[in-house]
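Enquirer: What follows is a structure written as structure tokens; I'll ask about it next.
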Amino acid sequence: MANSLQGNLASTQHGERVATLIESISTEKVIQHGRLAGGGEPSAAAMVIREATEQDRQEIYRTRHDVYAVELGQHPQNPDGLLKNHLDQFNRYFVAIIDGQMAGFISVTPPEGGEYSLDGYLDRKQWPFEDRDRLFEVRLLTVKSGRRGSLLATALMYASFRAVEASGGTRLVVIGRTEVASIYRSSGYVDHGIELVKGDVTFLLMSATVDQVRKQVEKRPQLVDRIEQTVDWQLSFPLRKPAACFHGGGFFEDVGDGFQSLSRREEIINADVLDAWFPAAPGVISTLSEHLDWLVRTSPPTGCEGLIAAIAAARGVAETSVLPGAGSSDLIFLAFNQWLSSSSRVLLLDPTYGEYFHVCEKVLRCQVDRFQLRREAGFEVAVEQLQAQVADGDYDLVVVVNPNSPTGRHLPLSEVQSIIEATPASTLFWIDETYIEYVGSAHSLEQFGCQRKNVVVCKSMSKGYALSGVRSAYLCASPEILEPLRALTPPWAVSLPGQVAAVKALEDPEYYQRQYQATALARESMARDLQELGLEVIPSVANFLLTFLPADGPTAAQVVQHCRRSGVHLRDASNMGSALGTHALRTAVKSPQQNSQIVTAIAEALSTVQA
Ligand SMILES: Cc1ncc(COP(=O)(O)O)c(C=O)c1O
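Each residue of the sequence shown is one higher than the one before, counting from -5 in our numbering.
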């Protein structure tokens, strides 16, 4: 008789409550109705999961009637053959469709309705959890019997969890039969030790915070992979929780990201991010200070016209070849989202700036290949090998961060040009020159890029011009490439302080040149100090150093943790590449005085922390 996928079924001879409460599975009755598809795991993407349409709902109500009213006799039969109740006004149903037929469904009762089916069982005073504001009840997991043993029930349960997570839920509650409690436990649900008995069936009241279920999900990544491969996910929320990319910036925990105590910034050294250690040019600071009140309350030029003109003049390119944005991160998301999809082939250096892995792999789910940079070779790009790898034009996009982060290595302009020239025009090159000013503007690919139809140069003004906070950047490319992106750029894309600061910064190249020279001296001196501590230091042209801690000493994570105590924030670089290992540590180059504090903090960590 009734039996569920993974045993998730109500037994048949119990009351109506059972039918409406428990995850249930239909029985032979439903099979006789001929609405069931065959068993076994559906082939790739053969299963659709979507929000129930009105038509689906009629089938759900009919199935419930077939099972609980007709078959089980637990509910008086209705002349219309449908079983539903008032919770259905606000219940969400997710259905699994296989071969055009409904193979299962699950329901989620959101808090907005103000009532749960649990209310029919237990007075709220006895509910064993307090956080009820964003409580969701998961109910009625129903899988037609021919689908037992397939991924279907798991996929529906996962869909219900994602629905709750994506709706800002904090807790899920379920009433599960004792026999199936282990399924919920393994999903992260906690048994509250409260039994609810109906007829011969004993239910356990179980609940979980969204964080608890999320932790369980993270422990079983293969399961989500399988769901992704098997299911055509047509729900309005994404199958995977949108991932965030880790960027350092941990110092804001010390400063307070609510900005309550900004002066605490003076007590910390934020060498975990690569912001410039020197202030923006005097003209930037004086203009912003003098006009701050007006700059803050005034709408900027809509299309950044003055900023575009200033960039074009400074770089010797046409205005139509410049597209500004609120930081290069803004432009990366704009462009990649426009150009790439899951079928796109992308080549990234490894290691490189983590946002590229994040956007291409995690957000857009492209097919990403990694071009390995080797520690034995000092992470220099092997030009001939790279050229050979891209020669057939199979990649849609090749990203070259130059100088690269976290390595600090630089590929000369002529070599980048020759790689591009030898590659079919079907491959687009994205050259990220965030740190190029530290080598010299003359080394930029901007002018070359504008002459070609397959090059985009991404120019952050954050790190080279000390403007990270105001978010100014631009793309430099042929107008044909930029025009579609320009159409998708909102008005006032860069704040007025950001536009003014960038224009003023470009007016004072001599000031910045002096800062780059000072940075180079500070970097070389810091590199020597770190080498004296026994660290391997990768030669760098930029305002940061990639180092490797002694292999027999504490890991980068341990050193980072220890240095934080003295207000020194460093970056554990292990996750910035696939082969960096556990001892890769990156530090920004700061002022000479701060650099000695950083070196002292590392020395102290190495001598104190047990490996
Ligand atoms: C290589 C690289 N590209 C881009 C960025 C993002 O810079 P922004 O968004 O501030 O322009 C960074 C920031 O660290 C970076 O290192």
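No residue lacks a Cβ here, since even glycine has one placed at the ideal position from N, Cα and C. Predicted model, so just to flag it, every value in this text is computed and none were measured.
#1: For L482, tell me which candidate among R51, A237, T314, Q332 has the shortest Cα-Cα distance.
#2: For a quick check, are the C-beta atoms of I532 and T346 less than 8 Å apart?
#3: Would you grab the beta carbon distance between L289 and V494 for me? Rounded to a whole angstrom, and I think it's under 8 Å.
#4: Where DSSP assigns a beta bridge to S454, which residues make up the other side?
#5: Check each candidate in R339, E501, N72, S472 and name the one with the smallest Cα separation from T421.
#6: If we require 3 or more residues per run, which beta strand (DSSP E) segments fall completely within the stretch 304 to 335?
#7: Relative to ligand 1, is the shortest distance from any of its heavy atoms to the C-beta of G321 smaller than 7 Å?
#8: Helix, strand or coil, according to DSSP, for A398 in the structure here?
#9: Residues in its own chain within less than 7 Å of Y350 by CB, not counting five upstream and five downstream?
#10: Smallest Cα separation from P243: which of D269, F99, A376?
#11: Going by Cα to Cα distance, which pick from I188, Y110, G107, D226 is closest to G94?
#12: Considering just the uninterrupted stretch of the beta strand (DSSP E) at D426, what are its terminal residues?
#13: Taking DSSP as the reference, what is the three-state secondary structure of R128?
#14: Given that a residue counts as buried once 16 or more other Cβ atoms are within 10 Å of its Cβ, and exposed if not, what is K138?
#15: So A578 packs on Q366, CB below 8 Å; how close in whole Å?
#16: Which of the three DSSP states, helix, strand or coil, is assigned to T292?
#17: By the three-class DSSP mapping on this structure, what secondary structure does Y87 have?
#18: Whole-angstrom Cβ separation of S161 and P70, contact assumed at under 8 Å?
#19: Alpha carbon to alpha carbon, how far is A265 from N537? Give it in angstroms, no decimals.
#20: Considering only residues of the same chain and omitting the five flanking positions on each side of S322, which have a CB-CB separation below 6 Å?
#21: Name the two residues that bound the continuous alpha helix (DSSP H) containing E474.
#22: Less than 7 Å between the CB of A265 and some heavy atom of ligand 1, yes or no?
#23: Specify whether the stretch 580 to 599 and the stretch 539 to 557 touch according to this definition: at least 3 beta carbon pairs, one from each stretch, less than 8 Å apart.
#24: Are there any heavy atoms of ligand 1 lying less than 7 Å away from the beta-carbon of T314, as far as the coordinates show?
#25: From the DSSP output, which residues share a beta bridge with W121?
#26: From I425, I430, L198, R508, pick the residue whose C-alpha is nearest to that of L469; which is it?
#27: Determine the direct distance from the alpha carbon of C298 to that of D287, and round the result to whole angstroms.
#28: Among V488, S154, T602, which residue has its Cα nearest to the Cα of G300?
#29: By the three-class DSSP mapping on this structure, what secondary structure does T57 have?
#30: From what residue to what residue does the alpha helix (DSSP H) around A495 run?
#31: Report yes if the C-beta distance between M96 and D50 is below 8 Å; otherwise report no.
#32: Identify every residue that forms a DSSP beta bridge with Q95.
#33: Any heavy atom of ligand 1 closer than 7 Å to the beta-carbon of L166?
#34: Looking at K498 and T314, is the spacing between their C-beta atoms short of 8 Å?
#35: If I'm right that P502 touches A275 with Cβ under 8 Å, what's the distance once you round it to whole angstroms?
Expert: In short:
#1: Counting from one through the sequence shown, the residue named residue 482 turns up at place 488. For the residues R51, A237, T314, Q332, the minimum Cα distance to L482 belongs to Q332.
#2: Within the sequence shown, numbered from 1, the residue matching residue 532 stands at position 538. Within the sequence shown, numbered from 1, the residue matching residue 346 stands at position 352. No, the Cβ-Cβ distance between I532 and T346 is not below 8 Å.
#3: Start at 1 with the first residue of the sequence shown, and residue 289 comes out as number 295. Start at 1 with the first residue of the sequence shown, and residue 494 comes out as number 500. Right, their Cβ atoms sit about 6 Å apart.
#4: For the purposes of this step, residue 454 is taken as residue 460 along the sequence shown, with counting starting at 1. Answer is A467.
#5: Numbered from 1 along the sequence shown, position 427 holds the residue referred to as residue 421. The shortest Cα separation from T421 among R339, E501, N72, S472 belongs to R339.
#6: 316 to 319
#7: Start at 1 with the first residue of the sequence shown, and residue 321 comes out as number 327. Yes; taking the cut-off as 7 Å, the Cβ of G321 has a heavy atom of ligand 1 nearer than that.
#8: Within the sequence shown, numbered from 1, the residue matching residue 398 stands at position 404. Sequence check: residue 398 is Asn here, not Ala. Looking at N398 - three-state DSSP - the assignment turns out to be coil, as it is neither helix nor strand.
#9: On the sequence shown, residue 350 is found 356 positions in, with the first residue counted as 1. Contacts found: L342, V393.
#10: Looking up residue 243 in the sequence shown gives position 249. Reading off the sequence shown, one finds Gly at residue 243, where the question assumed Pro. Comparing Cα positions, the closest option is D269.
#11: Your numbering for residue 94 matches position 100 in the sequence shown. Considering only alpha carbons, the answer is D226.
#12: Mapped onto the sequence shown, residue 426 falls at position 432. Residues 422 to 426.
#13: As a first step, residue 128 must be located in the sequence shown, where it is residue number 134. Coil, per DSSP.
#14: Against the sequence shown, residue 138 aligns to sequence position 144. So K138 ends up on the buried side.
#15: As a working mapping, residue 578 is identified with position 584 in the sequence shown. As a working mapping, residue 366 is identified with position 372 in the sequence shown. So it is not a contact: roughly 15 Å between Cβ atoms.
#16: In the sequence shown, residue 292 corresponds to position 298, counting from 1. Three-state DSSP puts T292 in coil, outside helix and strand.
#17: Taking the first residue of the sequence shown as 1, we reach residue 87 at position 93. In the structure shown, Y87 sits in a strand (DSSP, three-state: E or B).
#18: Residue 161 sits at position 167 when you count from the first residue of the sequence shown. Residue 70 sits at position 76 when you count from the first residue of the sequence shown. Their Cβ separation, rounded to whole angstroms, is 34 Å, which puts S161 and P70 out of contact at 8 Å.
#19: Position 543 of the sequence shown, counting from 1, holds the residue named residue 537. Position 271 of the sequence shown, counting from 1, holds the residue named residue 265. Distance between the alpha carbons of N537 and A265: 10 Å.
#20: For this step, residue 322 is matched to residue 328 along the sequence shown. Result list for S322: C452, S454, A467, in chain order.
#21: Translated into the one-based positions of the sequence shown, residue 474 becomes position 480. Unbroken alpha helix (DSSP H) run through E474: 473 to 481.
#22: Numbered from its first residue, the sequence shown carries residue 265 at position 271. No; taking the cut-off as 7 Å, the Cβ of A265 has no heavy atom of ligand 1 nearer than that.
#23: yes
#24: Here residue 314 refers to the residue found at position 320 of the sequence shown. It does not: the Cβ of T314 is nowhere closer than 7 Å to a heavy atom of ligand 1.
#25: Counting from 1 along the sequence shown, the entry for residue 121 is found at position 127. Per DSSP, none; premise fails for W121.
#26: On the sequence shown, position 475 is the one that residue 469 refers to. Nearest of I425, I430, L198, R508 to L469, Cα basis: I425.
#27: As a first step, residue 287 must be located in the sequence shown, where it is residue number 293. As a first step, residue 298 must be located in the sequence shown, where it is residue number 304. Taking the straight line joining both Cα atoms gives about 20 Å.
#28: As a first step, residue 300 must be located in the sequence shown, where it is residue number 306. Comparing Cα positions, the closest option is V488.
#29: Position 63 of the sequence shown, counted from the start, is the residue given in the question as residue 57. Of the three classes helix, strand and coil, the one that applies to T57 here is helix, per DSSP.
#30: Locating residue 495 in the sequence shown gives position 501, where the first residue counts as 1. Start and end: 490 to 500.
#31: As a position in the sequence shown, residue 96 is number 102, starting the count at 1. As a position in the sequence shown, residue 50 is number 56, starting the count at 1. The answer is yes: Cβ separation under 8 Å.
#32: To locate residue 95, count along the sequence shown from 1; it is residue 101. The partner list for Q95 (beta bridge, DSSP) reads I92.
#33: Counting from one through the sequence shown, the residue named residue 166 turns up at place 172. Outside the cutoff, so no.
#34: On the sequence shown, position 320 is the one that residue 314 refers to. On the sequence shown, position 504 is the one that residue 498 refers to. Not closer than 8 Å, so no.
#35: If you number the sequence shown from 1, residue 502 lands on position 508. If you number the sequence shown from 1, residue 275 lands on position 281. Residue 502 is actually Asp in this sequence, not Pro. Rounded, the Cβ-Cβ distance is 4 Å, consistent with contact.
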